[in-house]
Structures are given as C-alpha cells and as structure tokens.
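Protein chains in written order, with the numbering used here: chain A, 40 to 467; chain B, 66 to 387.
All residues carry an ideal CB built from backbone N, CA and C; glycine is no exception.
Note that the structure is a prediction, hence the values are computed from the model and not measured.
Structure first, commentary second.
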Amino acid sequence: MSEQPLTLTNAILINPEAGTESPGWLRIENGMIAGSGAGAPPKGRAIDCGGKYLAPGIVDIGVKVCEPGERHKESYRTAGLAAAAGGVTTMITRPDTLPAIDSPEVLEFVTRRAREAAPVNIRHMAALTKGREGREMVEIGFLADAGAVAFTDCDRVVADTKVFSRCLTYARALGALVIAHPQEPILSRGAAATSGKFASLRGLPAVSPMAERLGLERDLAIVEMTGARYHADNLSTAAALPALRRAREAGLGVTAGVNIHHLTLNELDIGDYRTFFKLKPPLRSEEDRLAMIGAVREGLIDVISSMHTPQDEESKRLPFEEAASGAVGLETLLPAALRLWHGGHISLPALFCALALNPARLMGLPSGRLSKGAPADLVLFDPHKPFVLDRFRLRSKSKNTPFDGARMQGRVLATFVGGRQIFGKEGN
Amino acid sequence: MSFDARHLLGIEYLRPDAIRTLLDLADRYVDLNRSPQKHSTALAGLTQINMFFEASTRTQASFEIAGKRLGADVMNMAMQASSLKKGETLIDTALTLNAMHPDLLVVRHPHSGAVNLLAEKVNCAVLNAGDGRHEHPTQALLDALTIRRKKGRLHRLTVAICGDIAHSRVARSNILLLGKMENRLRLIGPPTLMPARIGEFGVEIYDDMREGLQGADVVMMLRLQKERMDGGFIPSEREYYHRWGLDADKLSHAKPDAIVMHPGPMNRGVEIDGTIADDINRSVIQEQVEMGVAVRMAAMDLLARNLRAARESEGDGKGVMV
C-alpha cells in the first residue's frame, strides 16, 4: 500500500460506469481512487502514462487455479503472476479442483494459499453439490460465511432437477449466487465438437448447439420457480439467446456470461485436430460467434471472462477426442478482447463494463470502477501495440493457449492493485 | 511427379492429378499381381510397420501382402495388446517406434485425427489405414480403381452410397474422392445415421432407397455395425433390411449395368442380400479386395520414392527428415 498519494497523469481514462473515454489524470490515496479530472493534475508524486489508456482492472470470474490437487498445472503463485501481467486485478476462482472446493475446510486452505502466493485480489467460488456430483448440496451457509462468493458445479450440470431446484431454493434464502454452465448433459455426452459441416468432415463426435438452449431453458424455469440469484456462464450459441432475452423481459433477475474464446474463435480454428482449441462447450460456428458479440454489445450478455483452464502437455498431446478441454486465458484476455474493439464491434467503456464493472457488481465487489472511493485496481495498456504471442513466454505454468503464434494487438503496460503497482516498469 | 505428398493421411489432402497418378501405378501393380512372378524391389531395404490400434484382419493383411510383394521388411504390431494397455500414450509409442527408424508406418486408430497427430511426431512416411470416423484413404482409392476399371472412367458417374454414413470413414473418404473427380453423389440411409449438414458437401440426400438408386451407375453399400442395431439409431435389424437392405427389387431401380460394392466384412441379410453379393454380374466385392493390394502397393511405392528423394536432397543417408 502506497503511503504517499500518487497521481497517474496524461492518461486516457476509460470509465465504464459513466460510459466515457477521455484524457485526464487519476489520483490514488491509501489504495483508493481519490479523484480524477481533465485539467492540471494535483502536485506530488506522479507517473506519466504517456497518453495510454487507463481502465479499471479486469475482474475475471471463473479462473481455474489447480490447487488443491494439480499444482503442476497451475499454482496460486503462477496464476497470480499471469493475472498481473494480463491486467486482471481480481480473480474469482473455480471450485473444480481435486478435491472440489466443497467444504469450509478446503475453502480455508485455498484462501490461505491465495493470500500467501498471489499479488492480485482473489475470491473463491464453492461447489454447489458435494464433490460436484449433483447429489447432495454443500454447506452453502458455512461456505458463504467463510467467503465463498458464488456456488457452481462448473462444467458439470446438476442433472437431477429435484436436487438442483432444492439447491436454488436453499441458496435463495441465503441470498447466495448460483452459477451454471447450461447444457443438456445427455445430448452433449461424448461430444468433442459442434455438429455441422466441420465436425462431419473431421469425423468428430458432435453436439447440436440446441443442447445449450435446452439446458438454459431448464435452468430458467427452475429460477422462475425458486427465485434464486442465477448467472448463466459460458454461453456460446445463438440458439440460447432468445431464452435469455425472454427471461430478462419477464423480469427474472438473471445475468449471463461468455468466455473470450467463443467471442474470438470459431470451430474452423480447430483445423487439423489442434487440441489447444478443444474447449467445453466446444467452439461454435461463425454465426454463433457473431451472435455472441452482438449479445455483449446490446448488454444481453453481461460478463466476458477468460475461463482460464490450465492443462499440461500430456493431457493435450492426445487424439482430439481423448484430449482434455480448456485453454489458459488470464494473459490473453485483454488483447483478445481488444480484437472486438479493433474490429469496431464494441467501445472501450462497454468492453470494460463486461470485463470489470459487471463482474464486480455480480460478485458484490466495490472494484471495476474509476469513481472516487473505489479501490485503486487499475490497468494501464496500449491497445495498439502489436505482438506475436509465444506460448512459452506465458507466466502460467500450463501453456495451452489457442493464441500461440497469433498476431495480437494490445499490451498491458502496468497493473495496480490497491494502489500498488504489481506489474510493469516503474514510471511507465 | 504429381504425387508429392509425404504422408497419405486422407483424400482431403490429395489433388485430382495425384489421385490419377496413384491409380495409374496401381493398374500396373494389378498386372504384376496377376503374373506368376509377383515380386518387385520397390521397397527393398525399407522397413514397414503396421500399427493397428483397432482390430482388422483384412486391411492389415492387404497392407502386409502389399509391402512384402514390394520387398519391404514388414512387421505387424497388435497395438491393443501392447503398450497402450500399460498406459503409454500414442505419442510415446510413436517416438519409441521412430527411434527404430521405420520408413513406412501404416496406422489404424479408433479416434479421428489420431493418425495426423502421429504423423507430426515421426520422421517416416505415414499411411492412414483408418482413423475413427474420419478417413480411410486406401479404401476410397481401391474403390476408385475398381470403378474406373469397371466403368472405364472415374468422372460423371452417379454413385449412391448407402447405409451408416455417420459413423463411416469409408463414406467420408469416398465422398471426398468421388467429389474431387466430379461425380454425382447420393447418400441414402436413415436420418439417424446421416452426419449433420452433410448436404453442404455437394451431395444429394435420400431417405428412400428406391428413389436414391434411380439411375445410379455405382451402388456402394456400407457395413452396419452390430452395436448400432440395438434400437439406438434404428428400430431393428429387420426393419433396416426392409427399408435400406440391398435386394433385387431395390437394385432394379439403378441402371441395368450398375455395379454393387461393399468394403467388407458384409452382414448378409442386414445391409445386403446374399444372392446380390454373390452375383458375379453385379457384385465387384472380390475385385475390390484385389484392387486393395494393388492400390496399397502403389501408395507405398510413391511415398517411398518421395521419402528417398527427400533424404537424398538432404544429403543424409540416415533418413532424418523434419
């Protein structure tokens, strides 16, 4: 925590709350934002931002850190370094670890590990059912008291509707947030790709995009029945969007998220069975990708996340059907998201609504804003800086990025958490 | 030479002139195979390893005979019984074999794309002998050779492929090959066994077999796997035979000189009536088997030539390629 006040001068301030993008300065005092303006900056210690862009730090929900169980894939230390380099100031971690984070004891372990090892803010989600097996609900009350910000079985669907509706009913009484990755689990069983021309050509077992709509429609009916707080994450298909829109219009307080890979890649990127492009849900058609971008732009989708999923080389160097799913994303989230801005799909304030403000609000955090009194969690970046991604230079322990060798534009120059610079050259 | 590939991974990667070059050479090997002196030295000094991760008698025997007739040292590895059971990954197995300096690796694997993956990791020529539901290029080439010899051409024919298209690598490779050679393709089968959006490949799709066979020059039947007959994809074996089994009545809708093909092994009385399969005026199923050996000889010969040329241009007799 910096004792001395600090002013970041000569920046372009991206304010998602106000929806503005304007030149100015921002002042930090005691780890909080003390004010900002456009005129002459206040006297005292200052960093000249060189006309680059200053935005609230990214709040990335759904990050997998592989502790406990698979620390060789990603630890809190490496995930923290990756986050800092990617402009992610708050990670909301997933409970799909080994064992799952499904008891206050495991939650206490990861909370301690996170505090010791990582320079960024970390909050944890807990499983919704024990062992993520979809049979018995976890101790939602104890876990919420111990700091769990949301409850999710991640990519496993609670198939038993009785169990799922009871979980939601119980969660509602505690005001707990439930997150699901909607999917019809039987229809999508064994699928490695999205059904269509590409999967047919490659001979891959595939699932219809309709499986996502079926899963979402079911969840929304149970939300209507129980009144729980619900966030549909990892949506990826155009077919699911009308259901979401109807639920919104009916006043059901549901929110939704998409992961960056479904906004920037499509099924054809799999090419000759490149397993770094094997995701869950699988990459979709170009029409789906464009529909998801449209949904972010109109605010139907609230949150963009990295769905950071580290996998070691062994679990990816397999035939496509057998290979593990998921991609790392903490360090590539911002440059990948900037593709949407470079492509003219979305403004920077709107982008940072989805990357910072909305996820912070969803999790009940004060960050994600540039307003006075908000924590000074900030990212300074140059959206134009071009580079070719080399996966071996990632800070994540696992290097399974689909962007290896990709030409990208946009680099993080500095990251601040609580007013303290945790990444980038001093005086940038 | 118009066949310049390093591996034979699929028809997708072959140009029409490469296909023609291969079939022309295969024609010459048919003559060799019919002569009393069946041996050549095209692969002398080279080592061929057959790695079958999925059981196969016919294809493996065909590759083995092809290699031996060309003078290669042929070794069969029954991979189901081998190291995979001990938990070794496909890549480790490939690297282990690679260290033994094989020249030709013939691979069959139950997963689509597994042969492509393996080809990236070894220094020799790789032949795909069938990967999952993806491709089975030598089957499509032997079918093409059979058609060309029976019909006198390999273009502007109406070819009907019937049965379980969805799970068939034979169908995929044939769709690609016959499409590249500019034929009219029809796919016939129950909608549950039809791949998604297959119509976008420029083929016509029929549920009704009589309609689909109308005017066909070639009728290609596919094997229906036993495990698909349990009510999951089709209601029953007998209903399948009634609607999609090839019998004299259905075949009468095709051209009078239409030929009947099957990649084998056949389920008589399920997808094909036994008397049609045995009708020497219509069925070319035995010729297909014969063409299989010739096509595989041609494919391995061409790949070996490319392999030797690449090694020479690197000026390195040890056979290291990158």
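{"Query": "Kindly indicate if chain A contains any beta-carbon less than 8 Å away from that of B:G357.", "Result": "no"}
{"Query": "Can you tell me which of B:D344, B:H174 and B:M246 puts its alpha carbon nearest to the alpha carbon of B:R213?", "Result": "B:M246"}
{"Query": "For the stretch 379-394 of chain A and the stretch 196-210 of chain B, state whether three or more C-beta atom pairs, one from each stretch, are separated by less than 8 Å.", "Result": "no"}
{"Query": "When DSSP builds the beta bridges, which residues end up paired with A:P414?", "Result": "A:M71"}
{"Query": "When burial is assigned at 16 or more other CB atoms within 10 Å of the CB, is A:N69 buried or exposed?", "Result": "exposed"}
{"Query": "From the DSSP output, in three-state form, read off B:T86 for me.", "Result": "helix"}
{"Query": "Rounded to whole angstroms, what is the Cα-Cα separation between B:L252 and B:A281?", "Result": "11 Å"}
{"Query": "Just the C-alpha distance for A:E113 and A:K436, rounded to the nearest angstrom, thanks.", "Result": "5 Å"}
{"Query": "Excluding the 5 residues preceding and the 5 following A:G115 in the sequence, name in chain order all residues of the same chain whose CB lies nearer than 7 Å to its CB.", "Result": "Reading off the sequence shown, one finds Tyr at residue 115 of chain A, where the question assumed Gly. Hits under 7 Å: V104, E106, R152, A153, A156 and A157."}
{"Query": "Let's see if you can read the secondary structure: which residues bound the alpha helix (DSSP H) around B:M274?", "Result": "M274 to L278"}
{"Query": "Can you pull the chain A neighbours of B:T340, defined as C-beta to C-beta under 9 Å?", "Result": "Within chain A, no residue comes near B:T340; the closest Cβ sits about 33 Å away, beyond 9 Å."}
{"Query": "I'd like to know if A:R152 contacts chain B, where contact means its C-beta is closer than 8 Å to some C-beta of that chain.", "Result": "no"}
{"Query": "Does the distance from the CB of A:A166 to the CB of A:F190 come in under 8 Å?", "Result": "yes"}
{"Query": "So what's B:Q145 in DSSP terms, helix, strand or just coil?", "Result": "helix"}
{"Query": "Determine the burial state of A:I140: buried for a count of at least 16 other Cβ atoms within 10 Å of its Cβ, exposed for fewer.", "Result": "buried"}
{"Query": "Can a CB atom of chain A be found closer than 8 Å to the CB of B:V385?", "Result": "Bear in mind that the predicted position of B:V385 carries a pLDDT of just 46, short of 50, making it too unreliable to give a figure here."}
{"Query": "Using the C-alpha atoms, what's the distance from B:L169 back to B:L192?", "Result": "7 Å"}
{"Query": "For the pair the stretch 168-186 of chain B and the stretch 204-221 of chain B, tell me if three or more CB-CB distances fall below 8 Å.", "Result": "no"}
{"Query": "How would you label B:R80, buried or exposed, when you count the other beta carbons within 10 angstroms and need 16 or more for buried?", "Result": "exposed"}
{"Query": "Flag this pair as yes or no: are the beta carbons of A:A121 and A:L369 separated by less than 8 Å?", "Result": "yes"}
{"Query": "May I ask you to report which of helix, strand or coil DSSP gives A:C105?", "Result": "coil"}
{"Query": "What's the gap between the Cα of A:I51 and the Cα of A:L387?", "Result": "11 Å"}
{"Query": "Suppose contacts are defined by Cβ-Cβ distances below 8 Å. Is A:H270 in contact with A:I218 by that definition?", "Result": "yes"}
{"Query": "Considering only residues of the same chain and omitting the five flanking positions on each side of B:G277, which have a CB-CB separation below 6 Å?", "Result": "A225, R251, I253 and Y271"}
{"Query": "Since A:D311 meets chain B, which of its residues come closer than 8 Å, beta carbon to beta carbon?", "Result": "G178 and N181"}
{"Query": "So with Cβ pairs under 8 Å, would you call B:I156 a contact of chain A?", "Result": "yes"}
{"Query": "Pick helix, strand or coil for A:F315, following the three-state DSSP scheme.", "Result": "helix"}
{"Query": "Output the boundary residues of the beta strand (DSSP E) element that contains A:P95.", "Result": "Y92 to P95"}
{"Query": "Residues of chain A with CB under 8 Å from B:A261, in chain order?", "Result": "S234, G235, K236, A238, S239, A245 and S247"}
{"Query": "Output needed for A:A124: all residues of its chain with C-beta closer than 7 Å, excluding positions within five of it in sequence on either side, in chain order.", "Result": "E370, R434, V451 and F462"}
{"Query": "When Cβ atoms are compared, which residues of the stretch 187-205 of chain B fall closer than 9 Å to chain A?", "Result": "D196, G197, R198, H199 and E200"}
{"Query": "Note down, in chain order, every chain A residue with its Cβ under 9 Å from the Cβ of B:E265.", "Result": "G235, K236 and S239"}
{"Query": "At the level of alpha carbons, what is the spacing between A:N467 and A:G89?", "Result": "Confidence is the limiting factor: at A:N467 the pLDDT is only 43, short of 50, which leaves the residue's position unreliable and the question unanswerable from this model."}
{"Query": "Could you tell me whether any Cβ in chain B is nearer than 8 Å to the Cβ of A:L357?", "Result": "yes"}
{"Query": "Which residues of the stretch 338-365 of chain A have a Cβ closer than 8 Å to any Cβ of chain B? Give them in chain order.", "Result": "E353, R356, L357, P358, F359, E360 and E361"}
{"Query": "What would DSSP say about A:K464, mapped onto helix, strand or coil?", "Result": "coil"}
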